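Asker:
Residue numbers (the numbering used here): 1 to 132.
#1: Distance check for residue 112 and residue 132, CA to CA, integer angstroms please.
#2: Tell me, which residues are paired with residue 9 by DSSP?
#3: Tell me whether the beta-carbon of residue 121 lies closer than 9 Å to the beta-carbon of residue 58.
#4: If the criterion is Cβ atoms closer than 9 Å, does the pair residue 78 and residue 108 meet it?
#5: May I ask which residues mark the beginning and end of the beta strand (DSSP E) holding residue 61?
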């Protein structure tokens, strides 16, 4: 997973992404459907709260594309790509899905960016710090 830092914008594409086969631990709040299929072709990113002051700031992750195509961002916590816990899913038909994160220092997040029903999308992922 490529690392994204606060204040940075990363441009990506799912055009050549392959489907992953990941196991989501039993989470009653995570229901796989066309909008949040973690096994759809997508691109993975890693974000760490090491640079945030957890008592005063959080980070907003925003995923946008200029094609007005439906897109999904699924955020997990975990130590590595093989030990993930679902945190939040944001999916939109038109617009930019976003997730606001507040966490303890040293927390690592994994972000999966994908298109709706395996559609290929070009996108920009932005991490912006906000004051609590």
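For every residue, glycine included, the Cβ atom is placed at its ideal position computed from N, Cα and C.
Model, not experiment: these values are computed from the prediction.
Answerer: In short:
#1: 25 Å
#2: 126
#3: no
#4: yes
#5: 57 to 64
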